[in-house]
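Student: After the structure tokens below, expect a handful of questions from me.
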Amino acid sequence: MTTSRMRFALPLLVFALLVALLAVGLRLDPREVPSPLIGKPAPGFSLPQVAAAEQRLSLADLKGQVFLLNVWASWCLSCREEHPLLLELAKRGIVPIYGLNYKDERETAQAWLKRFGDPYRASAFDADGRIGIEWGVYGVPETFVVDKQGLIRYKQTGPITPEVLEKKILPLVRQLQEAA
Amino acid sequence: MNHPIDRNRSWPVARGRFGVPTRSGGMGLILCGLLLSRAVVATEIRQFDDPVKQERYERLLKDLRCLVCQNQSLADSDADLARDLRNEVYGIIQSGKSTEEAAQFLVDRYGDFVLYRPPFKGITVLLWSGPFLLLGGGFVFLWRQAKRRADRGSADSALSDEERTRLRQIQDRFQR
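Chain order of the listed sequences is A and B. Sequential numbering of the first sequence, starting at 1, is according to my numbering. Sequential numbering of the second sequence, starting at 1001, is according to my numbering.
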């Protein structure tokens, strides 16, 4: 009868739902914390540059264009992983990349750029990490896409992969560049 | 620098292909475990001029999650970022602001994730009400099950007229 069949169907359904819930949960990465800054104005800064302490880099200098802000440090191993990708992107000249050098030392940072190559138009030197906190940085590397109005549109936590670059970041950059 | 281990751990726990932690990543996890098992508060001692502020600061740090060592509170974590964030919280509380304002400072930058007690709002409705819904559902299920059993029981005990006369005959026979 239908009722006796229901007796098996209902627990089975509940079990299937539970499995689906746990399967989704297993796939989520708890280290990827969604940023509350998406869609909000990029936090302002004015910092000395890595290349020369007397030169400054401020957010105001960057306004009016779509750009990437890549948070990096010479002590960060994963940064080396994504570095060739950034170099290649800089060579392609699609979008300017600026660096935020996070809790580093100037000499080691300079040496690091000399050794691995410098994809950045300029890198701001955030020695005490205060600007990092303003941007909600909790690890390195992180990469932000900022639009012409100075709004943060995307945040990549952890190294950029070729897939993320081609499927997410570059399409978004093109779309933002076309927008008024 | 001062805490090379901290720093390399800060993001990401080094991962090999397919997200399997590599040896150094594993080491990071073990370190997290060691820090956890050492139940001493890892933080520096902070003195406030006002005991109210002291109490606010200490209570708040226990309710805030460290983003690097995610199962530790800001009070417990030895991570570099946790130290920086404690500094920020210290500054805010010292300037006379409330715990809510200090928590909001972190929420504005890192999201609700930093709060061990997430606020009740659209996206967390199920989180907060889920356990009560499940409990309520369980009670409804129990009640219906009990009712069904009771109904079946009374149906079984109801005898037809024919059965009743037979029963009486049997009783009569034994009573003689």
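Ideal Cβ placement from N, Cα and C applies to all residues, glycine included. Bear in mind the structure is a predicted one, so any value in this text is a computation, not a measurement.
(1) Give, in chain order, every residue of the stretch 130 to 147 of chain A whose Cβ lies closer than 9 Å to some Cβ of chain B.
(2) Please list, in chain order, all residues of the same chain as residue 154(A) whose beta carbon is under 6 Å from its beta carbon, the five residues on each side excluded.
(3) Would you say residue 158(A) and residue 78(A) are within 8 Å of each other, going by their C-beta atoms?
(4) Using beta-carbon positions only, say whether residue 57(A) and residue 122(A) come within less than 8 Å of one another.
(5) Taking the beta carbon of residue 1047(B) as the centre, do at least 16 other beta carbons fall within 10 Å, making it buried, or is it exposed?
(6) Excluding sequence positions up to five away, which residues of its chain have a Cβ less than 7 Å from the Cβ of residue 1110(B)?
(7) Could you check what DSSP says for residue 71(A) in three-state terms: helix, strand or coil?
(8) For residue 25(A), which residues in the same chain have their Cβ closer than 7 Å to its Cβ, ignoring the five residues on either side in sequence?
(9) Should residue 34(A) be flagged as near chain B, meaning a C-beta pair shorter than 8 Å?
(10) Please classify residue 115(A) as buried or exposed, where buried requires at least 16 neighbouring CB atoms within 10 angstroms.
(11) Checking 8 Å against the spacing of the C-beta atoms, do residue 1060(B) and residue 1107(B) come in under that value?
(12) By the criterion of Cβ-Cβ separation under 7 Å, what are the contact partners of residue 1108(B) in chain A?
(13) Could you pull the DSSP bridge partners for residue 126(A) from this structure?
(14) What separation, rounded to the nearest whole angstrom, lies between the Cα atoms of residue 148(A) and residue 38(A)?
(15) Among 1148(B), 1176(B) and 1138(B), which one has its Cα closest to the Cα of residue 14(A)?
(16) Would DSSP call residue 1077(B) helix, strand or coil?
(17) Using a Cβ-Cβ distance under 8 Å, would residue 1022(B) count as near chain A?
(18) So, for residue 177(A): in the same chain, excluding its five sequence neighbours on each side, which residues have a beta-carbon less than 6 Å away from its beta-carbon?
Tutor: Taking the coordinates as given:
(1) 130, 132, 133, 134, 135, 136, 137, 138, 139, 140, 141 and 142
(2) 145 and 172
(3) yes
(4) yes
(5) exposed
(6) 1067
(7) Three-state result, residue 71(A): strand.
(8) Excluding residues up to 5 positions away in sequence, nothing lies with its Cβ nearer than 7 Å to the Cβ of residue 25(A) in the same chain.
(9) Proximity of residue 34(A) to chain B, defined by a Cβ-Cβ separation below 8 Å, is satisfied.
(10) Exposed: under 16 other Cβ atoms inside 10 Å.
(11) no
(12) 36
(13) 102(A)
(14) 14 Å
(15) Taking only the C-alpha atoms, the option nearest residue 14(A) is 1138(B).
(16) coil
(17) For residue 1022(B), the pLDDT reaches just 47, beneath the cut-off of 50, and the residue's location in the model is therefore unreliable, although a value from the coordinates is still provided. Not an interface residue.
(18) For residue 177(A), where only same-chain residues beyond five positions count, the Cβ hits under 6 Å are 66.
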